[in-house]
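Chemist: Have a look at this one.
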Amino acid sequence: MADFRLPTPLSRALTATAAGLMVGAGVVAAPPAHADAVAYLVNVTVRPGYDFANADAALAYGNRLCDKLAQGVGYSDLMAEVKTDFHTTDEFHASYLITQAAGELCPAQIGPLRDSAAGYRPTP
């Protein structure tokens with residue numbers, strides 16, 4: 001006959017700990033986000049106003065933004081640069097390009113970008 005014993009408090013605690021470790025290991029082992037150049041190109045070349053000469057130019061610009069983010073250049077400096085480069089004062093227009101670059105080309109920079117954008121106030 002099978003031996004069916006009721007679990008003891010210790011066995012319940014060990015089971016809960018093991019289950020927690022397995023779940024935690026799954027979270028820790030999650031793969032990093034990957035760059036998606038095609039999504040970036042679709043999002044910034046279809047949207048009017050950027051007028052990149054071609055896809056290579058658009059991708060190069062986005063990668064330069066990523067390089068600057070990796071070097072610690074702050075959101076306000078990036079905003080000023082993009083507005084100057086595209087001869088615009090449109091906050092959304094500049095912000096869209098920066099966030100598309102970070103989100104699609106260098107997702108590891110999303111956190112630092114958010115941190116540097118905290119408290120950002122547009123220049124009058």
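Residue numbering for the sequence shown follows full-length UniProt numbering, beginning at 1 and increasing consecutively.
Heads up, the beta-carbon is just placed ideally off N, CA and C, and yes, glycines get one too.
Here the structure is a predicted model, which is why all the values come from computation and not from measurement.
Measure how close the beta-carbons of A35 and L105 come, nearest whole angstrom, since I'm counting them as under 8 Å.
Modeler: At roughly 5 Å, the Cβ-Cβ gap stays under 8 Å, so A35 and L105 are in contact.
Chemist: Three-state secondary structure (DSSP) at H93?
Modeler: Helix at H93.
Chemist: Can you give me the Cβ contacts of S116 inside the same chain, cut-off strictly under 7 Å, excluding the 5 residues immediately before and after it?
Modeler: The residues are G74 and Y75.
Chemist: Determine the burial state of G49: buried for a count of at least 16 other Cβ atoms within 10 Å of its Cβ, exposed for fewer.
Modeler: Burial call: exposed.
Chemist: Terminal residues of the continuous alpha helix (DSSP H) containing C66?
Modeler: Element bounds for C66: A55 to A70.
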